[in-house]
Amino acid sequence: MATDTDTSSSTRGPTRSNAAGRRRRSGPPRRPVFDKDQATLFLLTVTLGLGLGAVVRVVQRAQQAPTSAATQLTAQRSPTTGYGSYGSAGNQRAYVLPQRTFGARGTTRMS
Amino acid sequence: MAMPATDVRSGAVLPPPPAFDSLPRRQQRALGTEVRVTGVGADRALAELERLEELLTRFHPSPVTRLNALGRLRPAPPELVAALRHALAVAADTGGLITPLVLPALRWAGYRDPWPASARPSAGPPPPVADWHEVAVDDDAVALPAGAEIDLGGTGKSWIVERCFAALEGEALLDAGGDLVTRSPGEVAIDVAHPYDGEPLQLVLPPGRWGVATSGVLARAWPGGHHLIDPRNARPAQTRFVQATALHPDLRRAEVLTKLALLTPDAGALADATLLVAFDRDGVVWHHRDGGDWGRP
């Protein structure tokens, strides 16, 4: 199949009639606007882009969650994830966890 | 669902409070450590902290150094009177275990200059710790027993931090080298540094206002000594734990609890801690339980 190095798909040559009376264009054959390989590549790109975007959003949410106030900590706290509950203030309890689990606002250390 | 806050005069709906990460933040070196302040009023809080440090330090000319040199001070600044009254109240509450009269023993042990400084123990026996009952404090005057000198390091930092925290509005955090006060409408996580640089613990605090203090015998330590003096023998304390962390609504009480946990871990005086954890010399974690004993998690 002849390749057309002219990227303008709107280029047309003059028209002539053939023996059957059908009109045909002279000049190089028209390229389809969108062939199968390009369509596949386009769909793949869109899918990957959407997928990556979704992953980025999930990661961002996970990174933001520890610095938000009550709901994330409450939702994720469980007696099985830490040392259990110690101490109380009214109906609230303070917890000690055996490792860094949430985003901390500060560090207490001897000085 | 909570109703939005409204202005009491106009009835207009008030905007929600700013997120913690968008609050003003300041950081500077003070009290011999890094101080971090987050919240509205951070500049005021730091200015007050600097002012109080200048009044109460024993390392630079101050009312405290004049008191120690002369044995008495009149007029005494109201801040010194208040800080010393607090220190003496703690001495009374702890049976003298935490007392402001340890300075001669502290110098004997080697802690003479601002930290970090090369500390060397002195030769010979330590000078005895004077009796805190003999300190006389009026509204504008202080008198010490003969030979006594004060160091407010045992109670002063938490006292200063609590005073400065009052300058902050709303949600806030004031962290003075690991002793901190936090106020939040939601839960707050605070890391607890491991004394041997292992994996930190993490405290999860309920909403509200909390003081978190940590004391230890490894940070300000040198061959032959460290900065926590046991007044019973005027020497650096021999401790079961190397680090203790206490949670209490009042940082001043949290600081006292950490020192009691180091000096007298088996006493019943620890009962009012909301939470108390400690590391032993092997880096193992212990929790202080409601029954008064220490247990492993």
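These protein sequence lines map, in sequence, to chains S and C.
Numbering follows the working numbering, in which position 25 of the first sequence is assigned residue number 21; successive positions increment by one, without gaps.
Numbering-wise, the working numbering comes out as the position in the second sequence, counting from 1, plus 1436.
All C-beta atoms, glycine included, are put in the ideal place defined by N, C-alpha and C.
Quick caveat, the model's predicted, so the values are computed rather than measured.
Expected contact under 8 Å - CB spacing of residue i and residue j to nearest Å
i                 : j                 : result
Gly1660 (chain C) : Pro1557 (chain C) : 4 Å
Val1624 (chain C) : Leu1604 (chain C) : Contact flag wrong, Cβ pair sits at about 15 Å.
Leu1459 (chain C) : Val1444 (chain C) : Not really, about 24 Å apart at Cβ, beyond 8 Å.
Trp1722 (chain C) : Gly1728 (chain C) : That belief does not hold up - the Cβ atoms of Trp1722 (chain C) and Gly1728 (chain C) are roughly 13 Å apart, past 8 Å.
Val1597 (chain C) : Ala1612 (chain C) : 5 Å
Ala1541 (chain C) : Ala1670 (chain C) : 4 Å
Glu1490 (chain C) : Asp1615 (chain C) : With 8 Å as the limit, Glu1490 (chain C) and Asp1615 (chain C) do not qualify as a contact, their Cβ atoms being about 19 Å apart.
Leu1683 (chain C) : Leu1711 (chain C) : 4 Å
Leu1687 (chain C) : Gly1647 (chain C) : 3 Å
Arg101 (chain S)  : Thr1618 (chain C) : 7 Å
Ala1577 (chain C) : Ala1528 (chain C) : Not a contact, Cβ separation roughly 20 Å.
Residue i burial status per 10 Å Cβ neighbour count (16 or more: buried)
i                 : result
Thr41 (chain S)   : exposed
Phe38 (chain S)   : exposed
Gln1679 (chain C) : buried
Lys1695 (chain C) : buried
Ala1448 (chain C) : exposed
Gly1560 (chain C) : exposed
Gly1634 (chain C) : exposed
Arg1502 (chain C) : exposed
Thr97 (chain S)   : buried
Ala1593 (chain C) : At residue 1593 (chain C) the sequence reads Lys, which differs from the Ala that was named. Classification of Lys1593 (chain C): buried, given that the 10 Å Cβ count is 16 or more.
Leu1699 (chain C) : buried
Arg1508 (chain C) : exposed
His1724 (chain C) : buried
Arg1689 (chain C) : buried
Ala1572 (chain C) : exposed
Leu1580 (chain C) : buried
Beta-carbon proximity list for residue i, same chain, < 6 Å, skipping 5 on both sides
i                 : result
Thr1530 (chain C) : none
Pro1536 (chain C) : Ala1523, Ile1586 and Leu1588
Phe1495 (chain C) : Pro1550
Tyr1547 (chain C) : Ala1555 and His1663
Pro1621 (chain C) : Pro1643
Ile1626 (chain C) : Leu1639 and Val1648
Chain S contact for residue i (CB, 8 Å cutoff)
i                 : result
Ala1608 (chain C) : no
Ser1594 (chain C) : no
Thr1591 (chain C) : no
Pro1636 (chain C) : yes
His1723 (chain C) : yes
Ser1498 (chain C) : no
Ser1651 (chain C) : yes
Val1624 (chain C) : yes
Pro1642 (chain C) : yes
Glu1627 (chain C) : Correcting the residue identity first, residue 1627 (chain C) is Asp in this sequence and not Glu. For Asp1627 (chain C), the answer is yes, since a Cβ of chain S falls inside 8 Å of its Cβ.
Ala1655 (chain C) : yes
Gly1611 (chain C) : According to the sequence as given, residue 1611 (chain C) is Asp; it is not Gly. Closer than 8 Å to some Cβ of chain S, the Cβ of Asp1611 (chain C) qualifies, so yes.
Gln1679 (chain C) : yes
Pro1552 (chain C) : no
Leu1711 (chain C) : yes
Cβ-based neighbour list, residue i, same chain, cut-off 8 Å, excluding 5 preceding and 5 following
i                 : result
Leu1482 (chain C) : Arg1462, Gln1464, Ala1466, Val1471, Val1473 and Cys1600
His1630 (chain C) : Pro1636, Leu1637, Phe1715 and Gly1719
Gly45 (chain S)   : none
Leu1427 (chain C) : With chain C covering only 1437 through 1733, there is no way to say anything about residue 1427 (chain C).
CB contact below 8 Å: residue i versus chain C
i                : result
Gln34 (chain S)  : no
Leu93 (chain S)  : yes
Thr97 (chain S)  : yes
Thr41 (chain S)  : no
Gly102 (chain S) : yes
Ala61 (chain S)  : With a pLDDT of 40 at Ala61 (chain S), under the threshold of 50, the modelled position of this residue cannot be trusted; read the value that follows with caution. Output row for Ala61 (chain S): interface = no.
Cβ neighbours of residue i in the same chain (closer than 7 Å, five flanking residues each side left out)
i                 : result
Arg1676 (chain C) : Pro1701 and Asp1716
Asp1488 (chain C) : Note that residue 1488 (chain C) corresponds to Leu in the displayed sequence, not to Asp. Excluding residues within five positions, the ones whose Cβ falls inside 7 Å are Glu1515, Ile1596 and Arg1599.
Pro1563 (chain C) : Pro1540, Ala1541, Trp1544 and Ala1670
Amino acids of chain D, ordered along the chain, whose beta-carbon sits closer than 7 Å to that of residue i
i                 : result
Leu1616 (chain C) : Any reference to chain D falls outside this structure, whose protein chains are S and C.
Residue i Cβ short of 7 Å to the ligand HEM heavy atom set
i                 : result
Trp1646 (chain C) : The ligand content of the structure shown is nil, which means the ligand HEM is not present either.
Identify every run of the beta strand (DSSP E) within the stretch 1661 to 1701 of chain C, keeping only runs that are complete inside it and at least 3 residues long; order them along the chain. Listed in chain order, the complete beta strand (DSSP E) runs (minimum 3 residues) inside the stretch 1661 to 1701 of chain C are 1677 to 1684.
Complete alpha helix (DSSP H) runs within the stretch 1510 to 1562 of chain C (minimum length 4 residues, chain order): 1514 to 1529 and 1539 to 1545
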